[in-house]
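To start, the structure itself, in structure tokens.
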Amino acid sequence: MTDILTVDNLDITFPGRRRGQKVKAVENVSLKVSEGETFGVIGESGSGKSTLGRCVVCLTPPTAGQVRHFGEDPFALSAGDLRRHRRSFQIIFQDPNAALDPRQTILESVREPLDVAGIGSSQERRQRALAMLDRVALAPELAYRYPHEISGGQKQRANIARALVLEPKLIVCDEVVAALDVSIQADMLNLFADLQREFALTYMFISHDLRVVAHVSDRVAVMYFGKIVELGPAGAIMATPLHPYTLALLSAEPEPVPARLRNKQRIILKGEIPSALAPPPGCRFHTRCPIARPECAQREPEWREIAPGRFVACHFAEAPPAARG
Amino acid sequence: MSSSVIAADSGRAAAQPGQQPLLSVRDLSVAFHDGERWAQMLNNVSFDVAPGEIVGIVGESGCGKSLTALSILSLLPRRGCARTGQILFEGRDLVPLGEAAMRKVRGRRIGMIFQEPMSALDPVFTVGDQITETVRTHFSVSRKEALDRAADALGAVGIPSPRNVVSMYPMSLSGGMRQRVMIAMALVCEPRLLIADEPTTALDVTIQAQIMDLLIELSGRTGTALLFITHNLGLVAETCARMLTMYAGQVVEDGPVDDILSRPLHPYTAGLLGSLPQPRQRKSKLPSIPGRVPSINEMPSGCRFSPRCTYVQPPCLEPQVLSAQGARHVRCRRHAELTLPGAAT
Numbered sequence: 000m001t002d003i004l005t006v007d008n009l010d011i012t013f014p015g016r017r018r019g020q021k022v023k024a025v026e027n028v029s030l031k032v033s034e035g036e037t038f039g040v041i042g043e044s045g046s047g048k049s050t051l052g053r054c055v056v057c058l059t060p061p062t063a064g065q066v067r068h069f070g071e072d073p074f075a076l077s078a079g080d081l082r083r084h085r086r087s088f089q090i091i092f093q094d095p096n097a098a099l100d101p102r103q104t105i106l107e108s109v110r111e112p113l114d115v116a117g118i119g120s121s122q123e124r125r126q127r128a129l130a131m132l133d134r135v136a137l138a139p140e141l142a143y144r145y146p147h148e149i150s151g152g153q154k155q156r157a158n159i160a161r162a163l164v165l166e167p168k169l170i171v172c173d174e175v176v177a178a179l180d181v182s183i184q185a186d187m188l189n190l191f192a193d194l195q196r197e198f199a200l201t202y203m204f205i206s207h208d209l210r211v212v213a214h215v216s217d218r219v220a221v222m223y224f225g226k227i228v229e230l231g232p233a234g235a236i237m238a239t240p241l242h243p244y245t246l247a248l249l250s251a252e253p254e255p256v257p258a259r260l261r262n263k264q265r266i267i268l269k270g271e272i273p274s275a276l277a278p279p280p281g282c283r284f285h286t287r288c289p290i291a292r293p294e295c296a297q298r299e300p301e302w303r304e305i306a307p308g309r310f311v312a313c314h315f316a317e318a319p320p321a322a323r324g
Numbered sequence: 000m001s002s003s004v005i006a007a008d009s010g011r012a013a014a015q016p017g018q019q020p021l022l023s024v025r026d027l028s029v030a031f032h033d034g035e036r037w038a039q040m041l042n043n044v045s046f047d048v049a050p051g052e053i054v055g056i057v058g059e060s061g062c063g064k065s066l067t068a069l070s071i072l073s074l075l076p077r078r079g080c081a082r083t084g085q086i087l088f089e090g091r092d093l094v095p096l097g098e099a100a101m102r103k104v105r106g107r108r109i110g111m112i113f114q115e116p117m118s119a120l121d122p123v124f125t126v127g128d129q130i131t132e133t134v135r136t137h138f139s140v141s142r143k144e145a146l147d148r149a150a151d152a153l154g155a156v157g158i159p160s161p162r163n164v165v166s167m168y169p170m171s172l173s174g175g176m177r178q179r180v181m182i183a184m185a186l187v188c189e190p191r192l193l194i195a196d197e198p199t200t201a202l203d204v205t206i207q208a209q210i211m212d213l214l215i216e217l218s219g220r221t222g223t224a225l226l227f228i229t230h231n232l233g234l235v236a237e238t239c240a241r242m243l244t245m246y247a248g249q250v251v252e253d254g255p256v257d258d259i260l261s262r263p264l265h266p267y268t269a270g271l272l273g274s275l276p277q278p279r280q281r282k283s284k285l286p287s288i289p290g291r292v293p294s295i296n297e298m299p300s301g302c303r304f305s306p307r308c309t310y311v312q313p314p315c316l317e318p319q320v321l322s323a324q325g326a327r328h329v330r331c332r333r334h335a336e337l338t339l340p341g342a343a344t
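Residue numbers (numbering that gives the first Met the number 0), protein chains in the order written: chain A, 0 to 324; chain B, 0 to 344.
Structure, rendered in structure tokens:
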């Protein structure tokens, strides 16, 4: 079976402020996502996770390498074909405000994709939009309100309805619950799970929140500074992280449990993500890595599968984390 | 007892019995006038912070966490706003104080850090200008002396080469560095209380860990009490000795952090804990709290949480009081009958 999404050796480079200067936002990323899967992408700001997400739905072109949807390169399509193709590959952003037009009612916003696609009669489009609002549990009376009149959680539901109304196959969810309170966040994550079952959706779930990504995902990719440093099944990565950066992320996540139930040692990373204009040589994490050795600054670690389905790029990944402490 | 008595314990130190609280908020209510009528946003908020203690305030957006902080600092709009109750700080009530007197407290005795460092730092002045301004407002020292103190403060918050950073503009610093500058500015006058409103929410998790560590370390070293406002229960669990849960403008629960996490007494606290994804229960359906925080116009006359509460019964339809249970306080009439689930193990 062909995978719904294949990314091969993807590079995305942006021009820097000065002439000739280049910023590599994504470098040599490869991954496959199969239909019905939830693929999590975790990383801090500047890791390139959002750029990757944008490229997956054809909002940012690759500089090198390829993105394929069901084996076909969407960037090779003509403008018109690409527009039709986009219906199946949608994206939802973090800020629920930015994606809704303040001058349109919620119903108009949700109907707009159908209008643009020219699907059905005006009456049918209205009906479909209303049905979708109902499906994401937005009360019918909210359909005629404007974005400023409803809460953040409700706005995010409207954004989900807007993405779903064209019956996509894959949705990139970029930090979709980051701006929401925990109980609203729980509702929203439940809704994403229900919709996935109902519409056979594939998700690429991008977040900086390890807890959220681990909860929803089947497999997880950990990004640092434009590269994937670890990729594998969500449960396995949470239980036995192989890359020191993944381990540091896990240990930095504060746990809401009483002190006696907390049995982890916190690793506090030194320093910050280096400047994108001057990537460190060798392993990009070596400037902050607690277990770095001189060779890490010279040689880039090889991306390899060290157990079935578990990929990692670290020179010392074969030694279990405890022994490396 | 004089204010020089400072708890020597650091980090998770709890209040010593018989000790005077540093801050004692009593029946604090705040109302805003919307042009037609008054809307009460804070309702009889009461709590204490002991010298050197680290206290967390949790709750969803709109529950009054930040408003409580702004009220303590008297940073509310002068018009259309009414504040009643007492805010006893170092034995003196701050509520009747005028702006001139408050200016001597703010930044000097009570420091503050906000969520977004960029909105609190002035982009057209250097880091050094901004810290020395704070120093020279409160101490009569020379420009050079103030600059020395600024550089020392920057060094104390872990900024490399502080002598260079004093002449830099906020724009050229990263988010984590800016928040360190904010902390340096808040602590340069050695306040007794530091109010930190979501100080790490805008930061990445590895930087968040650095900043929280720094705050705890500084609080332990200088004996500064910390009032830490956040929606992140994990951070409260790992940094605070005591926590308050706020809901719809009221304190609904108050007690030692570990006790509350093990066995919350208020259904709202239990609801917040329950809605967090658990690493060991991936893909499971998350319990959530139905409904949302009531708006000021639809505030129930009884327990404010009752419309969302699973355990609601007729007595809940009357107003609830914050009652003491040993070291703990809870605003729920049914708390003794309920055994609420705590943080998952």
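Each residue gets a CB set at the ideal place from its N, CA and C atoms; glycine is no exception.
- At a cut-off of 9 Å, the C-beta of Asp114 of chain A has no neighbouring C-beta in chain B.
- Per DSSP, reduced to three states, the secondary structure at Asn96 of chain A is coil, with no helix or strand assignment.
- For Leu27 of chain B against Ile86 of chain B, the beta-carbon gap comes to about 6 Å, under 8 Å, which counts as contact.
- Closer than 9 Å to the CB of Leu234 of chain B there is at least one CB belonging to chain A.
- The beta carbon of Asp196 of chain B sits no closer than 9 Å to any beta carbon of chain A.
- The segment 255–269 of chain B makes no contact with the segment 214–228 of chain B, as fewer than three CB pairs between them are under 8 Å.
- For the segment 230–244 of chain A, the residues whose beta carbon sits under 7 Å from a beta carbon of chain B are, in order, Ala233, Gly234 and Met237.
- Counting of Cβ neighbours within 10 angstroms places Phe204 of chain A among the buried residues, the total reaching 16 or more.
- Only buried fits Gly231 of chain A, as 16 or more other CB atoms lie within 10 angstroms of its CB.
- Taking the Cα positions, Pro240 of chain A is about 17 Å away from Gln277 of chain B.
- What Asn231 of chain B touches in chain A, judged by beta-carbon distance under 7 Å, is Pro253, going in chain order.
- Two segments are said to touch when three or more pairs of C-beta atoms, one from each, lie closer than 8 Å; by this definition the segment 85–104 of chain B does not touch the segment 162–178 of chain B.
- When CB distances to chain B are screened at a threshold of 8 Å, the residues of the segment 255–269 of chain A falling below it are Pro255, Val256, Pro257, Ala258, Arg259, Leu260, Arg261, Arg265, Ile267 and Leu268, in chain order.
- Less than 9 Å separates the beta-carbon of Pro60 of chain A from that of Phe74 of chain A.
- In the displayed model, Thr244 of chain B falls within a strand according to three-state DSSP.
- Considering only beta carbons, the part of the segment 150–183 of chain A lying closer than 7 Å to chain B consists of Ser150, Asp180, Val181 and Ser182, in chain order.
- Within the segment 34–51 of chain A, Glu43 and Ser44 place their CB atoms closer than 8 Å to a CB of chain B, listed in sequence order.
- In this model, Ser33 of chain A and Ala220 of chain A are separated by some 14 Å (Cα to Cα).
- Rounded to whole angstroms, the separation of the alpha carbons of Glu107 of chain A and Glu123 of chain A is 13 Å.
- When Cβ-Cβ separations below 9 Å define contact, Glu197 of chain A makes no contact with chain B.
- The closest CA to that of Glu252 of chain B, considering only B:Met40, B:Phe31, B:Pro20 and B:Ser45, is found on B:Ser45.
- DSSP places Arg144 of chain A outside both helix and strand once states are collapsed to three, so it counts as coil.
- Between Ala235 of chain A and Gly152 of chain A, the C-beta spacing is not below 9 Å.
- Residue contact check for Asp186 of chain A against chain B: a CB pair falls below 9 Å.
- Here the alpha carbon of Arg220 of chain B sits roughly 11 Å from the alpha carbon of Ala155 of chain B.
- Here Thr286 of chain A is near Pro279 of chain A, since their CB atoms are less than 9 Å apart.
- When A:Arg125, A:Arg53, A:Asp186 and A:Val215 are compared, the shortest CA-CA separation from Gly290 of chain B is found for A:Asp186.
- Taking a C-beta cut-off of 9 Å against chain A, the contacting residues of the segment 203–230 of chain B are Asp203, Val204, Thr205, Ile206, Gln207, Ala208, Gln209, Met211, Asp212 and His230, listed in chain order.
- Taking the Cα of Leu51 of chain A as reference, the smallest distance to any Cα among A:Arg16, A:Arg86, A:Val6 and A:Leu76 is reached at A:Val6.
- Straight through space, the alpha carbons of Val109 of chain A and Tyr145 of chain A are spaced by roughly 12 Å.
- Sequence-distant Cβ neighbours of Ser121 of chain A in its own chain, meaning closer than 6 Å and more than five residues away, do not exist here.
- Take the alpha-carbon of Leu268 of chain A and the one of Glu252 of chain A: they are about 13 Å apart.
- For Asn27 of chain A, none of the residues of chain B pass the 8 Å Cβ criterion, the least Cβ distance being about 23 Å.
- In this structure, DSSP gives Arg265 of chain A a state outside helix and strand, which the three-state scheme calls coil.
- Within the segment 124–141 of chain A, no residue has its Cβ closer than 9 Å to any Cβ of chain B.
- Separation of the CB atoms of Met242 of chain B and Val57 of chain B is rounded to 6 Å, and the pair is thereby assigned contact status at 8 Å.
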